[in-house]
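The opening position of the sequence shown corresponds to residue 48 in this note's numbering, with each subsequent residue numbered one higher.
What follows is a set of notes on a single structure, which appears directly below.
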Amino acid sequence: MIYTQELVAEVLKVIEETKLSEKEAIKRCLSGKISDHAIWSSVHAYVFEIEKRLNLIDFILRNCFREFDKQNTVFKNLLRVGVYEMHFKGVHPALATDSIVRIVKQRFNLKMASLANAVLRRAEKFDYERRFRKLGKVKRLALEYWHPEWFVRYAIDMLGEDEAIKLMKANNEKQSVYVRVNELKANIEEVRRYLENSGVEIEETPLPEVFKAVKYEKHPSVLDWHSEGKYVVQDLASCFVSHVLDPQPDEIILDLASAPGLKASHIASMMENKGVIIAVDNSAERLERMKAKMKQLGVKNVVCRLADGCKIKVGDVDKVLVDPPCSSTGSFRSYPCVKWRFDRELYLKTIDVQRKMIKNAFRNLKSGGIMVYSTCSITFDENEENVMFASEFFKVEEVKPVIGVRGIREFRGKVFPFWDKVVRTFPHLHDCTGFFISKLKKV
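Have a look at this one:
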C-alpha cells in the first residue's frame with residue numbers, strides 16, 4: 048500500500064533534486080502510477096503547504112534533531128510531513144507520528160522508525176512561537192511569514208516593514224484564478240455565459256477580456272472550453288503586458304523568450320491572427336509544447352524559432368517583447384519552492400542575460416520601434432536598474448497604470464528617475480503575481 052505521505056516525500060525529493068516546480072514534480076511522480084484524482088489533490092495540497100512553510104518546518108526539526116540535515120532525503124521529507132500534519136494541518140500528533148513511523152519502518156528499518164518516533168515526539172512539544180521571541184527581527188519575520196531571510200531584508204529595504212509584511216502574508220495565500228478569453232475562438236460574452244453556467248462565479252477586471260474566477264465548483268482549467276482553447280488561465284498582470292505592447296494587426300513582433308507562449312497567444316488574439324509574431328526560445332522541448340498550445344488556441348501568425356534570445360537576428364521589427372528568465376520573486380504564490388532556491392551567482396548571471404536580451408531587442412528594432420520589458424520579479428536589480436541600463440540607448444515611455452502602481456524611486460542609495468513611467472503589481476495590492484512592466488522606444 049502506498050500512503051499519501053510517502054508520495055509527498057517523493058515529490059519533495061524531486062523538487063529538491065531536479066529544481067522542477069511543484070506541479071511538474073507531482074506529474075513526474077504520479078503520472079502512470081496513480082489514477083485516483085483524490086490522491087492527486089491530496090498530494091498537491093500537502094506539497095504546496097509544506098513548501099510554503101519549509102523554513103519553519105525545518106527550524107522545528109533542527110531544534111529537535113541536530114543531525115536532521117545529514118539524513119536521507121526521503122526520511123527528512125517524511126519527518127517534514129509529520130511536523131506539517133501535527134503543527135499546521137490539525138492532525139492529532141499521535142496519529143501523525145504513527146503514520147510516519149509506520150511508513151519509515153516499511154521503507155527503511157526498525158531503527159529508523161524508532162528515530163522518527165523520537166524526533167516527532169519532541170517536535171510535538173516544541174513551542175516555536177515561544178522560541179521566536181529570542182530571535183532577531185529578520186530571523187523572526189522570516190520564520191513567522193515563511194520567507195528566506197534575504198527576502199525579508201530586501202522587501203523591508205524596498206517597501207518598509209509594514210508593506211513587506213503585507214506582501215509576505217499575501218505570498219502565502221492561494222493564487223487567484225484569472226481567465227483570459229481567447230477571442231480567436233470565442234467572444235467575451237460567450238465565455239462569460241459559459242463560465243457562469245458551469246458554476247464559476249466571476250468578476251470583471253480592468254482588462255475586458257480577463258475575468259477573475261471568485262468561486263467555482265470545478266476549476267476553470269478542467270472545463271471543456273478550456274481544453275477547446277476558448278479561454279486560458281493566465282495571471283492578470285501577465286495579461287496586462289500584452290496590452291502595454293499594444294500589438295497591431297499589420298506589425299511584426301519579436302518575442303525573445305516566448306515559451307510557454309501565453310503572452311504570444313494573447314498578442315496573436317489582439318492582432319486578429321494577422322501580421323507575424325516571431326516566438327524565440329532556446330529549448331526545443333518547450334517550443335514543441337508551445338506549438339501544440341498555439342494549435343489548440345487557433346493561433347496562426349506565430350513562427351517559432353529555436354534560438355538564443357540574446358543573439359538572434361531577424362531584421363527590423365516593429366515591436367519586441369522581452370519577458371526574460373528572472374528570479375520569479377513575484378510568483379511565490381504559484382511556486383512556493385522558488386523561495387528556497389535563491390543563488391546569488393545565478394541571480395547575477397540572470398541579470399546579465401536580461402541585459403543581453405535588452406541589447407538584442409535594440410538591434411532588432413526598427414527606428415521608432417517599441418520594446419516592452421517585463422518580469423515576474425519584484426527586485427529593483429532586475430527591473431528599475433535594467434531600465435536605467437536600457438535608457439542609455441532607449442527612450443523610456445510612460446506605461447499607464449491600468450493595473451498596478453508606479454515604480455520604486457530609490458533603493459539602497461540608488462535613485463531611479465523614471466519611477467513614474469513604469470508599473471509594478473504586487474500580490475498584496477492587486478491580488479495577482481508581482482510584475483514589473485516598462486515600455487521603451489528606439490530613437
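Don't be surprised by glycine CBs; every beta carbon is placed ideally from N, CA and C.
Checking the sheet assignment: what are the DSSP bridge partners for residue i?
i: Met-24; result: With the chain covering only 48 through 490, there is no way to say anything about residue 24.
i: Lys-366; result: Ile-300 and Ile-417
i: Phe-258; result: Val-226 and Glu-251
i: Ala-326; result: Asp-302 and Cys-351
i: Ile-375; result: Per the sequence presented here, residue 375 reads as Ser, with Ile not at that position. DSSP lists no partner for Ser-375.
i: Lys-489; result: Phe-441
i: Val-280; result: Val-226
i: Thr-472; result: Phe-482
i: Tyr-263; result: Val-247
Going by the beta-carbon positions, is the gap between residue i and residue j smaller than 8 angstroms?
i: Glu-196; j: Lys-186; result: yes
i: Ala-56; j: Leu-125; result: yes
i: Phe-463; j: Met-205; result: no
i: Ile-300; j: Ile-324; result: yes
i: Ser-223; j: Asp-478; result: yes
i: Thr-422; j: Glu-429; result: yes
i: Cys-384; j: Glu-98; result: yes
i: Lys-340; j: Gly-308; result: yes
i: Leu-133; j: Glu-171; result: According to the sequence as given, residue 133 is Met; it is not Leu. Yes.
i: Tyr-382; j: Ser-89; result: no
i: Val-469; j: Val-419; result: no
i: Arg-302; j: Val-280; result: This sequence places Asp at residue 302; Arg is not what is there. No, these two residues do not count as a Cβ contact at 8 angstroms.
i: Lys-262; j: Glu-248; result: yes
i: Tyr-225; j: Leu-283; result: yes
i: Asn-411; j: Cys-357; result: no
i: Val-166; j: Cys-111; result: yes
i: Asn-229; j: Leu-344; result: yes
i: Leu-231; j: Ala-315; result: yes
i: Val-369; j: Ile-405; result: yes
i: Pro-253; j: Val-94; result: no
i: Leu-270; j: Ala-306; result: no
i: Phe-115; j: Lys-123; result: yes
i: Ser-438; j: Phe-465; result: yes
i: Glu-319; j: Pro-296; result: yes
i: Phe-436; j: Leu-487; result: no
Taking the beta carbon of residue i as the centre, do at least 16 other beta carbons fall within 10 Å, making it buried, or is it exposed?
i: Asn-119; result: exposed
i: Arg-377; result: As written in the sequence, residue 377 is Gly, which differs from the Arg given in the question. Label assigned to Gly-377: buried.
i: Ser-374; result: buried
i: Gly-481; result: buried
i: Ser-78; result: exposed
i: Ala-331; result: exposed
i: Gln-401; result: buried
i: Ile-49; result: exposed
i: Asp-467; result: exposed
i: Gln-52; result: buried
i: Val-21; result: A question about residue 21 goes unanswered here, because the residues of the chain that appear run from 48 up to 490.
i: Gly-415; result: exposed
i: Ala-141; result: exposed
i: Ala-202; result: buried
i: Ser-146; result: buried
i: Glu-208; result: exposed
i: Leu-395; result: exposed
i: Phe-458; result: buried
i: Ser-161; result: exposed
i: His-139; result: exposed
i: Asn-218; result: buried
i: Asn-244; result: exposed
i: Ser-82; result: exposed
i: Val-446; result: buried
Could you check how far apart the C-beta atoms of residue i and residue j are, in whole angstroms? I think they sit under 8 angstroms.
i: Arg-471; j: Gly-454; result: 6 angstroms
i: Asp-365; j: Lys-321; result: Their Cβ separation, rounded to whole angstroms, is 13 angstroms, which puts Asp-365 and Lys-321 out of contact at 8 angstroms.
i: Lys-386; j: His-194; result: 6 angstroms
i: Phe-409; j: Lys-489; result: 6 angstroms
i: Leu-54; j: Arg-127; result: The pair is not a contact, with the Cβ atoms about 13 angstroms apart (cut-off 8 angstroms).
i: Ile-484; j: Val-288; result: 6 angstroms
i: Cys-286; j: Arg-352; result: Wrong, their Cβ atoms sit about 24 angstroms apart, outside the cutoff.
i: Leu-188; j: Val-199; result: 5 angstroms
i: Ile-107; j: Phe-173; result: 5 angstroms
i: Ala-304; j: Pro-255; result: Their Cβ separation, rounded to whole angstroms, is 27 angstroms, which puts Ala-304 and Pro-255 out of contact at 8 angstroms.
Q. Which whole runs of the beta strand (DSSP E) in the segment 402 to 469 are 3 residues long or more, in chain order?
A. Contiguous beta strand (DSSP E) elements confined to the segment 402 to 469 occur at 412 to 422 and 441 to 444, taking only those with 3 or more residues.
Q: Please specify which runs of the beta strand (DSSP E), each continuous and at least 3 residues long, are wholly inside the segment 62 to 106, giving them in chain order.
A: none
Q) If you scan the segment 189 to 239 from start to end, which runs of the beta strand (DSSP E) of 3 or more residues do you find wholly inside it? A) Annotation: the segment 189 to 239 contains the following complete segments of the beta strand (DSSP E) (minimum length 3 residues), in chain order: 224 to 228.
Q.
Which complete alpha helix (DSSP H) runs does the segment 131 to 176 hold, if anything under 4 residues is left out?
A. 140 to 154 and 157 to 172
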